[in-house]
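Numbering (my numbering), first residue to last: 634 to 776. Even glycine gets a Cβ: it sits at the ideal position worked out from N, Cα and C. These notes concern the structure reproduced below.
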């Protein structure tokens with residue numbers, strides 16, 4: 634999905650791409666799943682919606698692909714948005730999830746995966762949007 638945008642009157646118009654992804658905040662026994670990219674960022678599993686897929690299906694598939702665990706979606710947590718460069722706008726739909734898996738098998742783009750206490754996750758997560766999403770997930774769990 635794209636649109637045309639210009640912040641400078643009289644300049645050339647630039648194509649802006651809108652990408653939609655889904656991800657999961659996955660809990661197991663009071664801990665939360667985190668992945669560390671080879672570039673060092675700590676993140677939650679997420680990825681692009683495939684044609685014909687529902688949002689919840691995408692979230693479950695991405696957790697399986699990126700972390701190597703099956704997870705059950707419990708609740709929709711909402712959306713985060715950010716810019717990935719000047720011409721890409723990303724929207725991520727997040728789900729609260731649970732797994733019983735004991736072992737992670739992170740995909741090759743990740744250096745490692747861990748289940749960590751929520752407080753440690755809040756400190757380790759690289760991006761503010763992920764920290765806000767974790768806070769939403771913790772509030773949802775306490776209801």
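Residue pairing by DSSP places residue 669 opposite 675, 745 in a beta bridge. Note that the C-beta distance between residue 678 and residue 657 is below 9 Å. Here the segment 661-678 makes contact with the segment 742-762; the two share three or more CB pairs at distances below 8 Å. Comparing alpha-carbon positions, the option among 666, 667, 723 lying closest to residue 681 turns out to be 723. In this structure, DSSP gives residue 708 an extended state, which the three-state scheme calls strand.
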